[in-house]
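In UniProt numbering, the protein residues as written are 1 to 277.
We put the beta carbon where it would ideally sit given N, CA and C, even for glycine.
Listed below in structure tokens is the structure:
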């Protein structure tokens, strides 16, 4: 389970890094509820616990705000330890002349697109639900003695997909500008050419050069070839004439051996007759 949990957290961090530009050292905005959870579950030191959660090579920077500290102070003795621990964190500037609630302060710091690239750590369910609708606003929370990163919501994934398509596709106005620049470059080439020796490039190639798109290579890539057709041919059967010749040769050899044996026997018989005489 630990391996699966870590892989899910890495995927979430990679999603925000590739789609929204999060970079190390990561920034974590912590509210009072999350500080209280860290103390009660003894998940200390907090920076090391969050570093393991993010699988980061550098220790993340932990932030809070004056509105969050004021809310912890109002809660009294029950959250005195949380107030002391939160006061040790770095305080980010919020544009509130009067103190507001921690939820509204966090939402104002994150804004519409989270330009500061904050990871928001909170135990407030209402705040977490609102942050899911903001693109590029990752949420961290605690469950008993474990910490988790919420997976990107449907709204965040759709926003990332639309943003990528917008970057890939070109607007009509941009295309017209490129066509105009390409036609101007074509006219300049015609003026500089001597006696029409220079060939005119088409507008499409000029647009590609303006976009920085490299032309495809004229050479074909080496692709895996099929087997040798000669090796796939079936073996031809041997001709029957050769078999007949071999059989005839065998018969002749056997007859010669028999003749030699007969001669030897006749020779022995003659010797025996002579000795008898």
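Residue i burial status per 10 Å Cβ neighbour count (16 or more: buried)
{"i": "residue 156", "result": "buried"}
{"i": "residue 232", "result": "exposed"}
{"i": "residue 44", "result": "exposed"}
{"i": "residue 147", "result": "buried"}
{"i": "residue 230", "result": "exposed"}
{"i": "residue 142", "result": "buried"}
CA-to-CA distance, residue j to residue i, given in whole angstroms
{"i": "residue 90", "j": "residue 177", "result": "48 Å"}
{"i": "residue 131", "j": "residue 224", "result": "51 Å"}
{"i": "residue 182", "j": "residue 14", "result": "39 Å"}
{"i": "residue 206", "j": "residue 180", "result": "Summary for residue 206: the model assigns pLDDT 47, below 50, so the residue's position carries little reliability; its value from the coordinates is reported in the next sentence. When rounded, the distance between both Cα atoms is 10 Å."}
{"i": "residue 76", "j": "residue 166", "result": "50 Å"}
{"i": "residue 160", "j": "residue 78", "result": "42 Å"}
{"i": "residue 30", "j": "residue 37", "result": "11 Å"}
{"i": "residue 162", "j": "residue 113", "result": "14 Å"}
{"i": "residue 50", "j": "residue 72", "result": "21 Å"}
{"i": "residue 150", "j": "residue 97", "result": "32 Å"}
{"i": "residue 200", "j": "residue 20", "result": "Residue placement at residue 200 is flagged as unreliable, the pLDDT there being 47, under the threshold of 50; a coordinate-derived value is accordingly withheld."}
{"i": "residue 313", "j": "residue 18", "result": "The requested residue 313 does not occur in the structure, where the chain is confined to residues 1 to 277."}
{"i": "residue 3", "j": "residue 133", "result": "29 Å"}
{"i": "residue 80", "j": "residue 39", "result": "11 Å"}
{"i": "residue 108", "j": "residue 6", "result": "30 Å"}
{"i": "residue 74", "j": "residue 164", "result": "45 Å"}
{"i": "residue 226", "j": "residue 173", "result": "49 Å"}
{"i": "residue 100", "j": "residue 129", "result": "19 Å"}
{"i": "residue 234", "j": "residue 222", "result": "29 Å"}
{"i": "residue 228", "j": "residue 158", "result": "51 Å"}
{"i": "residue 92", "j": "residue 125", "result": "23 Å"}
Candidates the options, of which the one nearest residue i by Cα
{"i": "residue 88", "options": "32, 14 and 164", "result": "32"}
{"i": "residue 95", "options": "65, 30 and 34", "result": "65"}
{"i": "residue 135", "options": "142, 118 and 141", "result": "118"}
{"i": "residue 85", "options": "235, 26 and 42", "result": "42"}
{"i": "residue 144", "options": "101, 127, 123 and 164", "result": "123"}
{"i": "residue 110", "options": "27, 4, 74 and 147", "result": "27"}
{"i": "residue 60", "options": "92, 106 and 25", "result": "25"}
{"i": "residue 102", "options": "67, 55 and 227", "result": "67"}
{"i": "residue 82", "options": "125, 158 and 46", "result": "46"}
{"i": "residue 16", "options": "152, 126, 92 and 105", "result": "152"}
Distance between beta carbons of residue j and residue i, contact taken as under 8 Å
{"i": "residue 12", "j": "residue 138", "result": "7 Å"}
{"i": "residue 140", "j": "residue 53", "result": "7 Å"}
{"i": "residue 121", "j": "residue 22", "result": "No, residue 121 and residue 22 are not in contact; Cβ-Cβ is about 15 Å, not under 8 Å."}
{"i": "residue 9", "j": "residue 55", "result": "7 Å"}
{"i": "residue 106", "j": "residue 127", "result": "6 Å"}
Opposing strand residues paired with residue i [DSSP bridges]
{"i": "residue 146", "result": "143"}
{"i": "residue 30", "result": "121"}
{"i": "residue 64", "result": "91"}
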